[in-house]
Amino acid sequence: MLVQLYNVSKTYRNGVKALCDVSLKIDRGEFVFLMGSSGAGKSSLLRLLYREELPTRGQIFIASRSVVRMKAREVPLLRRNIGVVFQDFKLLENKTVFENVAFAMQVIQASPREMKARVEETIELVGLKDKRDCYPMQLSGGEQQRAGIARAIVNRPLIVLADEPTGNLDIDTSWEIMDLLTEINKQGTTVIMATHAQDIVRRMQKRVVMLENGVVVADALPGASIA
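Our numbering numbers the first residue of the sequence shown as 22 and each following residue consecutively.
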């Protein structure tokens, strides 16, 4: 089992309870949707998985290692195995597509030779070969999200966490992004995606975990109907 949460709760300092007693298991190679209205706890759960935050109580394991008990110096190693895709892309505006993707490899001190080969390969995979020298402001929203996905997968992570990756895109572009995430998943990467988009979820026929007020209220297998 790749991801395991046991009785995880998260309460912020202002008293807001984001998650309440969440237990969840996700296997290697799964594609899982996290659904729920704004404030349901989807983004908080993702932040706990890549240890941007710690739970108030409970345990989280990724690849059998406790995220909660992990020492600060071990966190970068965890994050090498987790790629994150954001709704608002979070690209560096003063860097080209190539440089944005390469930045993820610079962080782990990859060799220049490996970096160039891997970045070129990844940019081609996401369909941005002809845009490698463009800056974010020269790209469409869909192209910016493709660059964000390239940055997330260039280190060949075990898991991709996608937080509303189609939220700022039109429906046609959204499906292009979903096709790309599906292809990444087919190559063995576990994908956990938070979304509001019920039409996408219904058509994708993947596992759906429904959150409501920080509580898991449903965990539906592929093909099951969602409320």
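Quick reminder that beta carbons are idealized off the backbone N, C-alpha and C, glycines included. As the structure is a prediction and not an experimental result, all values here were calculated from the model.
Considering only the alpha carbon of each residue, which of Ala239, Gly235, Leu242, Asp240 lies closest to Gly60?
Within the sequence shown, residue 60 is the residue found at index 39, counting from 1. If we check each option's Cα against that of Gly60, Gly235 comes out closest.
Taking all protein chains shown into account, do 16 or more other C-beta atoms lie within 10 angstroms of the C-beta of Asn121, making it buried, or fewer, making it exposed?
Along the sequence shown, read from residue 1 onward, the residue named residue 121 stands at position 100. It is buried - the Cβ of Asn121 has at least 16 other Cβ atoms within 10 Å.
Classify Gln208 as buried or exposed, calling it buried when 16 or more other Cβ atoms lie within 10 Å of its own Cβ.
If you number the sequence shown from 1, residue 208 lands on position 187. Result: exposed.
Where Asp154 falls: helix, strand or coil (DSSP)
By 1-based counting over the sequence shown, the position of residue 154 is 133. Reduced to three states, the DSSP call for Asp154 is coil.
Ends of the beta strand (DSSP E) at Ile180?
Here the question's residue 180 lines up with position 159 in the sequence shown. Where Ile180 is concerned, the enclosing beta strand (DSSP E) stretches over 180-184.
First and last residue of the alpha helix (DSSP H) that includes Leu242?
Counted from its first residue, the sequence shown places residue 242 at position 221. Here Leu242 belongs to no alpha helix (DSSP H), and DSSP marks it neither H nor E.
Helix, strand or coil for Asn115? Go by DSSP, reduced to three states.
Along the sequence shown, one-based indexing puts residue 115 at 94. Three-state DSSP puts Asn115 in coil, outside helix and strand.
Taking the straight line between their C-alpha atoms, what separation do you get for Thr210 and Arg100?
In the sequence shown, the residue the question calls residue 210 occupies position 189. In the sequence shown, the residue the question calls residue 100 occupies position 79. Rounded to the nearest angstrom, the two C-alpha atoms are 14 Å apart.
How big is the Cα-Cα spacing for Gly178 and Ser87?
Position 157 of the sequence shown, counting from 1, holds the residue named residue 178. Position 66 of the sequence shown, counting from 1, holds the residue named residue 87. Here the sequence assigns Pro to residue 178, which means Gly is not the residue at that position. Taking the straight line from one Cα to the other gives about 18 Å.
When DSSP labels each residue in this structure, what does Lys227 get in the three-state scheme?
Taking the first residue of the sequence shown as 1, we reach residue 227 at position 206. The answer is coil: DSSP assigns Lys227 none of H, G, I, E or B.
I need the DSSP call for Ser87, collapsed to helix, strand or coil.
Here residue 87 is taken as the residue at index 66 of the sequence shown, counted from 1. Here Ser87 sits in strand by DSSP.
With a Cβ-Cβ cutoff of 7 Å, do Glu185 and Thr143 count as a contact?
Taking the sequence shown and counting its residues from 1, the one referred to as residue 185 is at position 164. Taking the sequence shown and counting its residues from 1, the one referred to as residue 143 is at position 122. Not a contact, by the Cβ cut-off of 7 Å.
Residues bridged to Leu27 by DSSP?
Position 6 of the sequence shown, counted from the first residue, corresponds to residue 27. The sequence shown places Tyr at residue 27, not Leu. According to DSSP, Tyr27 bridges with Gln80.
Give the range of the beta strand (DSSP E) segment to which Thr216 is assigned.
Reading the sequence shown from its first residue, position 195 is the one you call residue 216. Run containing Thr216: 211-216, per the beta strand (DSSP E) assignment.
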